[in-house]
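Chains as they are written, first to last, in the working numbering: chain A, 17 to 256; chain B, 489 to 600. Here a beta-carbon is modelled for each residue, glycine too, at the ideal position from N, C-alpha and C.
Encoded structure:
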């Protein structure tokens with residue numbers, strides 16, 4: 017009997033099916049649990065799912081590449097999801113026209129601030145150079161951020177994690193923080209949140225309104241482009 | 489559903505080809521988003537099917553970040569050393585970025 021369970025495990029561990037199903041099932045379970053707890057921002061389904069799956073992988077001694085073989089089908093959907101943001105963007109065109117110039121200025125200043133703040137604050141907290149280099153593109157969407165980190169001599173896989181944490185931090189209190197400094201326009205709030213915390217900031221903005229989500233998605237895309245252009249120029253100035 | 493999915497994937501594919509072929513700094517999916525946006529503006533409306541499909545994908549956007557996030561498992565030793573200062577850096581610098589961006593947009597005049 018033990019041997020049969022073992023060979024079943026060997027089979028399952030090799031197919032993408034197991035980890036793909038696990039990823040979706042754990043996430044589904046965590047959305048239910050999070051909702052039962054009254055959706056506390058800190059115990060969001062993404063964080064709960066990541067922690068749970070990491071524990072499962074550690075306990076079952078499964079290497080990350082094996083897990084990712086299955087989970088890549090979910091990861092892949094980030095691309096189509098980005099394209100799909102064109103629909104809320106189309107519907108938010110009026111807002112976009114209204115805040116066009118402030119948004120464009122905010123984009124440039126926000127990108128430069130994001131890069132500079134990461135290095136300056138990180139150095140203040142005594143981070144190593146390789147961590148600092150991995151930290152620079154933290155506000156932009158995962159695929160571009162990993163490319164930028166590689167170009168800067170950081171660790172792309174560490175950047176992927178930093179990007180997710182940045183997204184969670186923005187999603188956690190970004191909307192409220194912007195409200196505190198008197199920004200109540202959905203378009204502006206979404207734009208700032210998407211710029212500073214990419215897709216997770218966009219997902220959070222979508223919870224408030226489709227206009228906020230659309231502008232967040234736009235800011236996410238634009239900041240990816242601007243930061244990938246500016247980071248290699250600014251980083252040497254910061255002595256890195 | 490299938491037509492909408494095909495349309496989205498085609499936009500992404502064209503975006504990916506344009507991004508890589510022309511070495512654009514903007515990633516393929518973002519080019520795809522701008523392409524689809526242009527098409528929608530040209531058509532002047534969003535097909536119902538496309539709206540429903542996009543809604544389904546966007547409703548579950550947070551799920552899509554889980555696989556990359558689980559990658560934290562590869563860096564547990566580094567996080568053991570630098571985890572706390574790294575987290576502090578992320579929180580502080582993200583707040584600074586949000587505040588500066590928001591404040592910039594707030595002080596600039598908007599069209600009516």
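Residues of chain A with a Cβ closer than 9 Å to the Cβ of residue 520 (chain B) are, in chain order, 95, 96, 98, 99 and 102.
Neighbours of residue 207 (chain A) across chain B, judged by C-beta separation under 8 Å: 589 and 593.
Around the beta-carbon of residue 38 (chain A), 16 or more other beta-carbon atoms lie within 10 Å, marking it buried. Taken atom to atom, the span from the alpha-carbon of residue 507 (chain B) to that of residue 513 (chain B) is near 7 Å.
Residues of the stretch 147–162 of chain A with a C-beta atom less than 8 Å from some C-beta of chain B are 147, 151, 154, 155, 157, 158, 159 and 160, listed in chain order. Residues of chain B with a Cβ closer than 8 Å to the Cβ of residue 222 (chain A) are, in chain order, 546 and 549. Residue 537 (chain B) places its beta carbon 8 Å or farther from that of residue 593 (chain B). With the criterion set as a beta carbon lying under 8 Å from some beta carbon of chain B, the members of the stretch 170–187 of chain A are 171, 173, 174, 176, 177, 178, 179, 180, 181, 182, 183, 185 and 186, in sequence order. When CB distances to chain A are screened at a threshold of 9 Å, the residues of the stretch 559–583 of chain B falling below it are 559, 560, 561, 562, 563, 564, 566, 567, 569, 570, 572, 573, 574, 575, 576, 577, 578, 579, 580, 581, 582 and 583, in chain order. Per the C-alpha coordinates, the member of A:216, A:103 and A:255 positioned closest to residue 496 (chain B) is A:103. Within 8 Å of the CB of residue 125 (chain A), the CB atoms of chain B belong to 588, 589 and 592, in sequence order along the chain.
In chain order, 551, 552, 554 and 555 make up the part of chain B whose C-beta sits under 8 Å from the C-beta of residue 90 (chain A). For the stretch 20–39 of chain A, residues whose beta-carbon sits nearer than 8 Å to a beta-carbon of chain B comprise 39.
Cβ atoms of residue 242 (chain A) and residue 214 (chain A) stay farther apart than 8 Å, at about 13 Å. Excluding the 5 residues flanking it on each side, residue 238 (chain A) has same chain C-beta neighbours closer than 6 Å at 123, in chain order. Taking the beta carbon of residue 231 (chain A) as reference, no residue of chain B falls within 8 Å; the closest one sits roughly 10 Å away.
When DSSP states are grouped into helix, strand and coil, residue 515 (chain B) belongs to the coil group.
Sequence-distant partners of residue 172 (chain A) (beyond 5 residues in either direction) whose C-beta falls short of 6 Å from its own C-beta, in its chain, are 162, 165 and 166. Residue 529 (chain B) has a beta carbon lying within less than 8 Å of a beta carbon in chain A. At a cut-off of 8 Å between beta-carbon atoms, residue 165 (chain A) makes no contact with chain B. Setting aside the 5 residues that flank it on each side, residue 247 (chain A) is surrounded in the same chain by 131, 152, 153, 164 and 168, each with a C-beta closer than 7 Å to its C-beta; the list follows chain order.
In this model, residue 58 (chain A) and residue 113 (chain A) are separated by some 35 Å (Cα to Cα).
Taking 8 Å as the CB threshold, residue 255 (chain A) stays off the interface with chain B. Close partners of residue 193 (chain A) in chain B (Cβ separation under 9 Å): 583, 586, 587 and 590.
By the criterion of a C-beta distance shorter than 7 Å, residue 61 (chain A) is surrounded in its chain by 43, 46, 47 and 50, once the five residues flanking it on both sides are discounted.
Residue state for residue 92 (chain A) is assigned as helix, using DSSP reduced to three classes. Residue 207 (chain A) carries a helical assignment under DSSP once its states are collapsed to helix, strand and coil. Counting C-beta atoms within 10 angstroms of its own C-beta, residue 201 (chain A) has 16 or more neighbours from the protein chains shown and is therefore classed as buried.
Taking residue 111 (chain A) as the centre and dropping the five residues before and after it, the same chain places the C-beta of 203, 227 and 231 closer than 7 Å to its C-beta, in chain order. About 10 Å separates the beta carbons of residue 70 (chain A) and residue 562 (chain B), which is beyond the 8 Å limit, so they are not a contact pair. Within the model, the alpha-carbon separation for residue 205 (chain A) versus residue 194 (chain A) is close to 6 Å. In the DSSP assignment, residue 146 (chain A) falls within the unbroken alpha helix (DSSP H) covering 145–151. The C-alpha of residue 128 (chain A) lies about 16 Å from the C-alpha of residue 160 (chain A). Identification of residues in the stretch 108–121 of chain A having a C-beta nearer than 8 Å to some C-beta of chain B yields 109, 113, 114, 115, 116, 117, 118, 119 and 121, given in sequence order. In the three-state reduction of the DSSP assignment, residue 118 (chain A) falls in the helix class. No Cβ of chain B is located within less than 8 Å of the beta carbon of residue 57 (chain A).
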